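Q: In the order they appear, the protein sequences are chains G and P.
Just so you know, the first sequence maps onto residues 1 to 430 in my numbering.
Just so you know, the second sequence maps onto residues 431 to 532 in my numbering.
One structure is given below, represented as structure tokens, and several questions about it will come after.
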Amino acid sequence: MFEFPLEMFLPGSDLTPLKENIDKVVYGLTKWQPKLKEKKIEVPEKLTVEGEDYEEAVVNMNNLFLRNFWSDGLPLLPPTEERVKRILTGTSLSPDTVIGKILPRGGISTVETLAISLAMAGGRPEYLPVLIAAIEALIDPGVQHQVLNATTCSIYPAVIVNGPVAKQIRLSSGYGCLGPNPEYPAGGAIGRAIRLILLIVGGGIPGRGSMAIYGGANRYTNIVFAEDEDGLPSDWEPINASYFGYPRGTNTVALHWVSGTNNVVGTSVGTAETALSTLHTFAGMMGVTNWNYWGRVERFEGSPGILLMARGTAQGLAKFGWSKEKVQAFLWENSKIPWSMIKNACAPDKLKERIEPHKPYLSMNKPWPITSKPENIMIAVAGGEQSGHGYWMQIGNSYHPTCKEIKLPPNWDELLNKAERDLGPLPRTR
Amino acid sequence: MTGSRVTLKVYNPTGATETTQLNAPRLDTLAGKTICELSNANWEYNRIFPVVRELLQKQFPTAKIVPYTEAIWLRPDIDNLEHVSKVVKEKGCQAVITGMAA
């Protein structure tokens, strides 16, 4: 097939390549013959890589994977049979259990495929059940991952883990929970495995399968963390219960695609006044002209993003009478964008087009809410105990968030015992 | 002295692939055929489609080209495939040109 240059599809481009190659369009409709002549499933063979010694073999393997775009650009651990077999001890599912296709490429993710990515990412067997649940969530039809893995929006999955499993696998809910941490290594490995699956199995290679303009620094390991359930106010439910209806204590993975992350400073709550000022600060961060809020009906009626507050903030709010529902209602009302901002940031002929699908929530000359109802705002408690900062993760062209249960294997205790022998006792620092 | 080389046998990380649908058979010619444009309203569709239309019409004067503006203004997403299929058949299309990047 003939490939027209990407530049031809950019604003104001020179269409000469099209005019000079119109015969290629004719050829495509008449004489072209596809390589694939029958319906079938093709399973790729294992590969052999050599080197003068082990170090050189690993370098050669990484070079091969880079040339084939089977990489995120950083060094990978070799997915040998031994390494993958060790990861597969993290589940009782058979390796050929199909989880689903990862789009746009359509590679089939089996449990083994996921174990391969987790092995390359430097993961441990006890992370595999969480990764399986995360991929099940990612390919949920409501999430529309085929759009999000290919879109021009720089968007990536945020994954929140609830239930006892989070602490057991050393997934952070405290200081630096969204970033690198040798004491809590699970988040980075699981997040990196998710990215490798999206890139390699799903074909989301920048400029080829994915048109994300920036990609985003968070894409290397996405965002994977635990909710600080110990830090929840007594009358606040964890997010898997309040938003998704799971019984408290269920091991789950919640997933929503986000595009922006904002550190929100000034969220210490010690008085009724600072409770109010903190909420206004959050609302101010959320109420911006992010056109994705109103991009599609599913988006507007889904969730506009995930708000994180540390335990001190949440407990402070609760102490001054703010239930989670009251917080959501306040944020919804006070994050509405003034009409003057909307009008200034939108071409006049586009205004009606934007309003029409979201009537009666949106109208001319009135402030616009960022979502159809307050309960759509996802709130989770996580972060360093000092609690002076919160975090707002706004959506991109996301669709619906989803939540899946994590299924643990019968040998779970054995896996955790091995982890303790390898890594020492569970961390006490937060 | 002969050194021994190290061999690593590793998994291909790409996952299996499945061909579920084959490409439609090609036409013998575009002359006398009805060709439909399917637009997702992205990537300079409003400049590129008219050029393709004009050039094809010039080369095949007896072809009927149904422009994307004529009730086939669709996003050919997965959730619209049934509707796209219905409209394409109603218009009597024997070939479709889909753009852009869809």
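Even glycine gets a Cβ: it sits at the ideal position worked out from N, Cα and C.
Just so we're clear, the structure is a prediction, and the values are computed from it rather than from any experiment.
Go ahead and label Gly123/G buried or exposed: buried means 16 or more other beta carbons lie within 10 angstroms of its beta carbon, across all protein chains shown.
A: Working through the first sequence from its first residue, we reach residue 123/G at position 123. Per the 10 Å Cβ criterion, buried.
Q: With 8 Å set as the bound, which would you pick, yes or no: does the beta-carbon of Leu426/G sit closer than that to a beta-carbon of chain P?
A: Locating residue 426/G in the first sequence gives position 426, where the first residue counts as 1. By this cut-off, Leu426/G is not an interface position.
Q: If you run the structure through DSSP and keep just helix, strand and coil, what is Met1/G?
A: Working through the first sequence from its first residue, we reach residue 1/G at position 1. Coil at Met1/G, not helix or strand.
Q: Using 8 Å as the Cβ pair cut-off and three pairs as the minimum, do the segment 81-94 of chain G and the segment 460-474 of chain P touch?
A: The segment 81-94 of chain G, when compared against the segment 460-474 of chain P, does not touch it at the 8 Å Cβ threshold.
Q: Please determine, among Ser234/G, Gly284/G and Pro157/G, the residue with the shortest C-alpha to C-alpha distance to Val224/G.
A: For this step, residue 224/G is matched to residue 224 along the first sequence. Nearest C-alpha to Val224/G: Pro157/G.
Q: Would you list the one or two residues that DSSP bridges to Ala226/G?
A: For the purposes of this step, residue 226/G is taken as residue 226 along the first sequence, with counting starting at 1. Paired residue(s): Val161/G.
Q: Using C-beta distances below 7 Å, list every residue in its chain close to Ile169/G, excluding the 5 sequence neighbours before and after it, in chain order.
A: Working through the first sequence from its first residue, we reach residue 169/G at position 169. Excluding sequence neighbours, Ile169/G sits near Glu126, Tyr127, Val130 and Ala186.
Q: Run the CB neighbour count on Leu415/G, radius 10 Å, all protein chains shown included, and call it buried at 16 or more, exposed below.
A: On the first sequence, residue 415/G is found 415 positions in, with the first residue counted as 1. Leu415/G should be labelled buried.
Q: Identify which residue in Ile155/G, Asn222/G and Pro238/G has its Cα closest to the Cα of Gly188/G.
A: The count along the first sequence starts at 1 and reaches residue 188/G at position 188. It is Asn222/G.
Q: Indicate whether at least one CB of chain G lies closer than 8 Å to the CB of Ser439/P.
A: For this step, residue 439/P is matched to residue 9 along the second sequence. One detail in the question is off: residue 439/P reads as Lys in this sequence, not Ser. It does: the Cβ of Lys439/P has a partner Cβ on chain G nearer than 8 Å.
Q: What residues in the segment 14-36 of chain G have a beta carbon less than 7 Å from any beta carbon of chain A?
A: Note that chain A does not occur in the displayed structure, where the protein chains are G and P.
Q: Would you say Gly462/P reaches chain G, if we count a Cβ-Cβ gap shorter than 8 Å as a contact?
A: Residue 462/P sits at position 32 when you count from the first residue of the second sequence. It does not; no Cβ of chain G falls within 8 Å.
Q: Tell me the DSSP secondary structure of Trp332/G in three-state form.
A: As a position in the first sequence, residue 332/G is number 332, starting the count at 1. Trp332/G falls in the helix class under three-state DSSP.
Q: Excluding sequence positions up to five away, which residues of its chain have a Cβ less than 8 Å from the Cβ of Leu331/G?
A: Here residue 331/G refers to the residue found at position 331 when the first sequence is read from its first residue. Correct list, in chain order: Leu279, Phe282, Ala283, Met286, Leu307, Pro374 and Ile377.
Q: Can you check whether the CB of Gly209/G is closer than 8 Å to the CB of Met309/G?
A: Numbered from 1 along the first sequence, position 309 holds the residue referred to as residue 309/G. Numbered from 1 along the first sequence, position 209 holds the residue referred to as residue 209/G. No, the pair does not count as a contact, with Cβ atoms beyond the cut-off.
Q: For chain G, is any of its Cβ atoms less than 8 Å away from the one on Leu500/P?
A: The residue given as residue 500/P occupies position 70 in the second sequence. Correcting the residue identity first, residue 500/P is Glu in this sequence and not Leu. Glu500/P does not count as touching chain G.
Q: Take every Cβ of the segment 311-330 of chain G, pair it with every Cβ of the segment 246-264 of chain G, and state whether three or more of those distances are shorter than 8 Å.
A: Too few Cβ pairs lie closer than 8 Å, so no.
Q: Short of 7 Å in beta carbon distance, which residues of its chain neighbour Leu15/G, apart from the five on each side in sequence? Order them along the chain.
A: Here the question's residue 15/G lines up with position 15 in the first sequence. Contacts found: Met8.
Q: Return the CA-CA distance between Met61/G and Ile478/P, expressed in angstroms with no decimal places.
A: By one-based count along the first sequence, residue 61/G stands at place 61. By one-based count along the second sequence, residue 478/P stands at place 48. When rounded, the distance between both Cα atoms is 42 Å.
Q: What is the DSSP secondary structure of Gln394/G, counted as helix, strand or coil?
A: Position 394 of the first sequence, counting from 1, holds the residue named residue 394/G. If DSSP states are grouped into helix, strand and coil, Gln394/G belongs with the strands.
Q: Of all Cβ atoms in chain G, is any one closer than 8 Å to the Cβ of Ala446/P?
A: For the purposes of this step, residue 446/P is taken as residue 16 along the second sequence, with counting starting at 1. Ala446/P counts as touching chain G.
Q: Count the other CB atoms, across all protein chains shown, that sit within 10 Å of the CB of Glu227/G; report buried if there are 16 or more and exposed otherwise.
A: On the first sequence, position 227 is the one that residue 227/G refers to. The residue is buried, with at least 16 neighbouring Cβ atoms inside 10 Å.
Q: Is there at least one Cβ from chain P nearer than 8 Å to Ile135/G's Cβ?
A: Here residue 135/G refers to the residue found at position 135 when the first sequence is read from its first residue. Answer no: the Cβ-Cβ gap between Ile135/G and chain P never drops below 8 Å.
Q: Spell out the partners DSSP gives Pro206/G in its beta bridges.
A: Along the first sequence, one-based indexing puts residue 206/G at 206. Per DSSP, Ser210/G.
Q: Residues of chain G with a CB under 7 Å from the CB of Ile478/P: which are they?
A: Stepping through the second sequence from its first residue, residue 478/P is reached at position 48. Near Ile478/P (Cβ distances below 7 Å), the residues of chain G are Leu15 and Leu18.
Q: Please confirm if the segment 442-452 of chain P is in contact with the segment 100-108 of chain G, defined as three or more CB-CB distances below 8 Å between the two stretches.
A: Because the criterion of three Cβ pairs below 8 Å is met, the segment 442-452 of chain P and the segment 100-108 of chain G touch.
Q: With a cut-off of 8 Å, does the C-beta of Ile108/G fall near any C-beta of chain P?
A: Here residue 108/G refers to the residue found at position 108 of the first sequence. At least one chain P Cβ lies under 8 Å of Ile108/G.
Q: In this structure, how does DSSP classify His513/P when only helix, strand and coil are distinguished?
A: For the purposes of this step, residue 513/P is identified with residue 83 of the second sequence, where counting begins at 1. His513/P falls in the helix class under three-state DSSP.
Q: Have a look at Leu511/P and Tyr175/G and give me their C-alpha separation to the nearest angstrom.
A: Here residue 511/P is taken as the residue at index 81 of the second sequence, counted from 1. Here residue 175/G is taken as the residue at index 175 of the first sequence, counted from 1. Between Leu511/P and Tyr175/G, the C-alpha separation is close to 47 Å.
Q: Measuring only between beta-carbons, confirm whether Glu474/P sits less than 8 Å from chain G.
A: Translated into positions along the second sequence, residue 474/P becomes position 44. Yes, because at least one Cβ of chain G sits closer than 8 Å to the Cβ of Glu474/P.
Q: Which two residues bound the contiguous beta strand (DSSP E) that contains Lys439/P?
A: Taking the first residue of the second sequence as 1, we reach residue 439/P at position 9. Unbroken beta strand (DSSP E) run through Lys439/P: Val436 to Val440.
Q: For Ala471/P, decide whether its Cβ has a neighbour in chain G, counting only Cβ atoms nearer than 8 Å.
A: Reading the second sequence from its first residue, position 41 is the one you call residue 471/P. Taking Cβ atoms only, chain G never reaches closer than 8 Å to Ala471/P, which makes this a no.
Q: Note down the Cα distance separating Pro360/G from Ala150/G, rounded to an integer number of angstroms.
A: Looking up residue 360/G in the first sequence gives position 360. Looking up residue 150/G in the first sequence gives position 150. For Pro360/G and Ala150/G, the distance between alpha carbons rounds to 32 Å.
Q: Counting only the same chain and skipping the five closest in sequence on each side, list residues whose C-beta sits under 8 Å from that of Lys516/P.
A: Sequence index remark: in the second sequence, residue 516/P carries index 86 (1-based). Contacts found: none.
Q: Are the C-beta atoms of Thr113/G and some chain P residue less than 8 Å apart?
A: Along the first sequence, one-based indexing puts residue 113/G at 113. Closer than 8 Å to some Cβ of chain P, the Cβ of Thr113/G qualifies, so yes.
Q: What does a CB cutoff of less than 7 Å around Glu385/G pick up in its chain, not counting 5 residues either side in sequence?
A: Counting from 1 along the first sequence, the entry for residue 385/G is found at position 385. Same-chain partners within the cutoff: Gly174, Ala310, Arg311, Gly312 and Arg430.
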